[in-house]
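Residue numbers (this note's numbering): 2 to 197.
Ideal Cβ positions, reconstructed from N, Cα and C, are used throughout, including at glycine.
Bear in mind that the values here come from a model prediction, so they are computed numbers and not experimental data.
Reading through the structure tokens given below for one structure.
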């Protein structure tokens, strides 16, 4: 089971690497910086959580920091990547203001950031797919988003039960696989050369 956690991580990582390469010349430096930083955060958070599960399952250690950092780092990653790709697609100049964050100890804000960021990524990629006449890829991006929302629906289940983890990770594998598949379609259709 612990090894299965690496499958969606590497599916996302491969898709993100393709997108970074294909979209690099289409984005301003600041847009690309947000998008790249976000996708790197998402990959790193997923990889480190999967590593935590592997270390725990192998009886090596319970490295709690790898687990605890997952939600904040991945949520921030989705938000940054979503802002970067939406900014590219909208073509507007957006000013990012530095504001001192309020003290908050709940996870709702992270979930909202993750949903907003992932929703932006999947929406923008769907719009690009339709513009490139690759409607199948657009459907894959919508399905990937729905799979991620399905994982959120599972969050209320008892995560100490093995079957819950298997269902969650299966949904995650399918969702990240669909996202990667859609990105591969756009890549092969010439996203790198596509004129926006």
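By the criterion of a C-beta distance shorter than 6 Å, residue 46 is surrounded in its chain by 71, 74, 75, once the five residues flanking it on both sides are discounted.
In chain order, 187, 190, 191, 192, 195 place their CB closer than 8 Å to the CB of residue 133, counting only its own chain and leaving out the 5 sequence neighbours on each side. Residue 86 and residue 8 have their C-alpha atoms some 24 Å from each other. Put simply, the backbone Cα of residue 24 is about 32 Å away from that of residue 69.
The beta carbons of residue 90 and residue 114 sit about 19 Å from each other, so the pair does not count as a contact at 8 Å. For residue 15, the uninterrupted alpha helix (DSSP H) run begins and ends at 7 to 24, by DSSP. Distance from the CA of residue 15 to the CA of residue 44, rounded to the nearest whole angstrom, comes to 10 Å.
Boundaries of the alpha helix (DSSP H) around residue 185: 163 to 189. Between residue 52 and residue 67, the CB-CB gap stays under 9 Å. 9 Å or more divides the Cβ of residue 116 from the Cβ of residue 60.
Between residue 126 and residue 138, the gap from beta carbon to beta carbon is short of 9 Å.
For residue 138, the uninterrupted alpha helix (DSSP H) run begins and ends at 136 to 154, by DSSP. Its Cα nearest to that of residue 12, the residue 177 stands out among 183, 177, 197, 184. Around the beta-carbon of residue 88, 16 or more other beta-carbon atoms lie within 10 Å, marking it buried. Using a 10 angstroms sphere on the CB of residue 28, the tally of other CB atoms reaches 16 or more, which defines it as buried. Between residue 39 and residue 84, the C-beta gap is smaller than 9 Å, which places the two residues in contact. Looking at 30, 182, 174, 131, the one whose alpha-carbon comes closest to that of residue 5 is 174. For the pair residue 20 and residue 184, the Cα-to-Cα distance works out to about 7 Å.
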